[in-house]
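S.K.: Take this structure, written in structure tokens, and hold onto it; I'll ask about it next.
Residue numbers (our numbering): 513 to 849.
This is the structure:
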């Protein structure tokens, strides 16, 4: 397909502009993106678990026909003779260089809250990933205190309730990373016809992360290019094409202007073809008004309800003795003789 010589400068300018926009888009992306990226990856996982159990010595009984039960059986308060709480805490897999501390607090408090009365506290140091403790629970003393509080307040707080709160602060290392953890476990032990426990078990999973660095890449049509290389791959052609565009526009300024002017006229004629009347020439009128562009001329045509006159490369609107004209070739319409 042959291309008209008059269209060639415009087409070259358009192609250069497209390549400049393409390379410039990726060049700016490369400049604004870091060359090295980091991401967090899981290097290991660990779990903290705890369990509250009990061992209860029973009065002689027919229902169980044995002297003691644990949380696997229902504990009827009428059969209870003595009770011990058994609490276990562990971290798996085991930590290295474990140290830390724990505290276990027993308090009297109604199940719906409102007040707390501390009845026992147990503290100590940790030196291993697992921990066990046995705590006696004196229900005779607890029931007596509960009754005293109700008598003092003249209020029925319901079944006596002991709040069990365990707090752990653990430090150590795992997968060659130092960790520091805080863990809490709360349970309520309620003394009714049946002694009931809430939340006997608790677990908490955590992970150890490490930072990994990798070279950032720019995706160009699905093909990755490292940011460091992309700055050169797109930067050099961007500046080269921009310089060529400047030189080309300087050398072909008139041809490009003519090409763009003709494109504008063709678009104008397609849009306003029904209002355009072709004439051989224009009569000479004094005080012809030059209109800035074809868009303004079309506006005048609609406002004055006059046709648009065309003679070669000149468009005009005639309103009585007044001529409004737009001419890209800068021809001067002389005054009327």
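Backbone N, C-alpha and C define an ideal beta-carbon position, used for all residues, glycine too.
Being a predicted model, the structure only gives us computed values, none of them experimental.
What number of angstroms, rounded off, separates the C-alpha of residue 742 from the C-alpha of residue 545?
M.R.: Straight-line Cα distance between these residues: approximately 10 Å.
S.K.: Are residue 598 and residue 581 close, meaning C-beta to C-beta below 8 Å?
M.R.: No, Cβ-Cβ distance for residue 598 and residue 581 is not below 8 Å.
S.K.: Using DSSP's beta-bridge definition, name the partner residues of residue 541.
M.R.: Residue 541 pairs with nothing; no bridge assigned.
S.K.: Cα separation between residue 573 and residue 651?
M.R.: Cα-Cα distance, rounded: 19 Å.
S.K.: Check the C-beta distance from residue 557 over to residue 729 and give it rounded, since I have them as a contact under 8 Å.
M.R.: 30 Å between Cβ atoms; not a contact.
S.K.: What do you get for residue 684, buried or exposed, if any count of 16 or more other CB atoms within 10 angstroms of its CB means buried?
M.R.: Counting Cβ neighbours within 10 Å, residue 684 comes out buried, since at least 16 surround it.
S.K.: So which of 603, 654, 665 and 600 has the shortest CA-CA distance to residue 701?
M.R.: For residue 701, the nearest C-alpha among the options comes from 654.
S.K.: Taking buried to mean at least 16 other C-beta atoms within 10 Å of its own C-beta, is residue 659 buried or exposed?
M.R.: So residue 659 counts as exposed.
S.K.: Quick one: any contact between the stretch 815 to 826 and the stretch 773 to 791, if contact means 3 or more CB pairs under 8 Å?
M.R.: Touching, per the Cβ criterion.
S.K.: Could you tell me the boundaries of the beta strand (DSSP E) in which residue 735 lies?
M.R.: First-last of the beta strand (DSSP E) with residue 735: 735 to 738.
S.K.: Where do the ends of the beta strand (DSSP E) carrying residue 559 lie?
M.R.: Per DSSP, residue 559 belongs to the beta strand (DSSP E) from 548 to 570.
S.K.: Using a Cβ-Cβ cut-off of 8 Å (strictly less than) and excluding sequence neighbours within five positions of residue 629, which residues of its own chain qualify?
M.R.: The answer, listed in chain order, is 619, 620, 621, 657 and 661.
S.K.: Locate the alpha helix (DSSP H) running through residue 810, then write down its first and last residues.
M.R.: Taken as a continuous stretch (DSSP letters only), the alpha helix (DSSP H) holding residue 810 covers 806 to 816.
S.K.: Given this structure, state the Cα-to-Cα distance separating residue 818 from residue 794, to the nearest angstrom.
M.R.: Taking the straight line joining both Cα atoms gives about 15 Å.
S.K.: Verify the CB distance criterion: does residue 539 have a CB-CB separation below 8 Å to chain D?
M.R.: Among the protein chains of the structure shown there is no chain D, as only one such chain exists.
S.K.: Within 10 angstroms of its Cβ, does residue 560 collect 16 or more other Cβ (buried), or is it exposed?
M.R.: Buried, because 16 or more other Cβ atoms sit within 10 Å of the Cβ of residue 560.
S.K.: When the Cα of residue 832 is compared with those of 675, 826, 808 and 800, which residue comes out closest?
M.R.: Out of 675, 826, 808 and 800, 800 has the C-alpha closest to the C-alpha of residue 832.
S.K.: Can you give the beta carbon distance from residue 589 to residue 706, rounded, assuming they're within the 8 Å contact cut?
M.R.: Between residue 706 and residue 589 the Cβ distance is about 7 Å, and since that is below 8 Å, they are a contact.
S.K.: Sort 616, 527, 549 and 746 by Cα distance to residue 643 and report the nearest one.
M.R.: Of the listed residues, the one whose Cα sits closest to residue 643 is 616.
S.K.: Rounded to a whole number of angstroms, what is the C-alpha to C-alpha distance between residue 843 and residue 534?
M.R.: Because residue 843 carries a pLDDT of 49, less than 50, the predicted location of this residue cannot be relied on, and no value is offered for it.
S.K.: What is the DSSP secondary structure of residue 673, counted as helix, strand or coil?
M.R.: Residue state, collapsed to three classes: strand.
S.K.: Does the beta-carbon distance from residue 750 to residue 539 come in below 8 Å?
M.R.: Contact: yes.
S.K.: Between residue 716 and residue 695, how many whole angstroms is the CB-CB distance? I'm expecting something under 8 Å.
M.R.: Confirmed, about 6 Å.
S.K.: Report buried or exposed for residue 548, applying the criterion of at least 16 other Cβ atoms within 10 angstroms of its Cβ.
M.R.: It is exposed - the Cβ of residue 548 has fewer than 16 other Cβ atoms within 10 Å.
S.K.: CA-CA distance, residue 600 and residue 587?
M.R.: The straight-line gap from Cα to Cα measures roughly 20 Å.
S.K.: Based on the DSSP secondary-structure assignment, which residues constitute the bridge partners of residue 745?
M.R.: According to DSSP, which records beta bridges pairwise, residue 745 is partnered with nothing at all.
S.K.: If you reduce the DSSP assignment to three classes, tell me which class residue 526 lands in.
M.R.: Residue state, collapsed to three classes: helix.
S.K.: Fully enclosed by the stretch 647 to 698, which beta strand (DSSP E) runs are 3 residues long or longer?
M.R.: If we require 3 residues or more, the beta strand (DSSP E) runs fully inside the stretch 647 to 698 come out as 673 to 686.
S.K.: Throw me the rounded Cβ distance for the residue 836 and residue 804 pair, which I believe falls under 8 Å.
M.R.: So it is not a contact: roughly 11 Å between Cβ atoms.
S.K.: Could you check which residue in 834, 830, 838 and 816 has the C-alpha nearest to that of residue 807?
M.R.: Comparing Cα-Cα distances from residue 807 to each of 834, 830, 838 and 816, the minimum goes to 838.
S.K.: Near residue 645, which residues of its chain fall below 6 Å by C-beta distance, leaving aside the five closest residues on each side in sequence?
M.R.: Contacts found: 599.
S.K.: Among all the DSSP beta bridges, which residues are the ones paired with residue 830?
M.R.: Paired residues: 835.
S.K.: Pick helix, strand or coil for residue 642, following the three-state DSSP scheme.
M.R.: The answer is strand: DSSP assigns residue 642 an E or B state.
S.K.: Spatial neighbours of residue 712 within its chain, please: CB distance less than 8 Å, with the 5 preceding and 5 following residues excluded, ordered by chain position.
M.R.: Same-chain partners within the cutoff: 563, 564, 565, 583 and 699.
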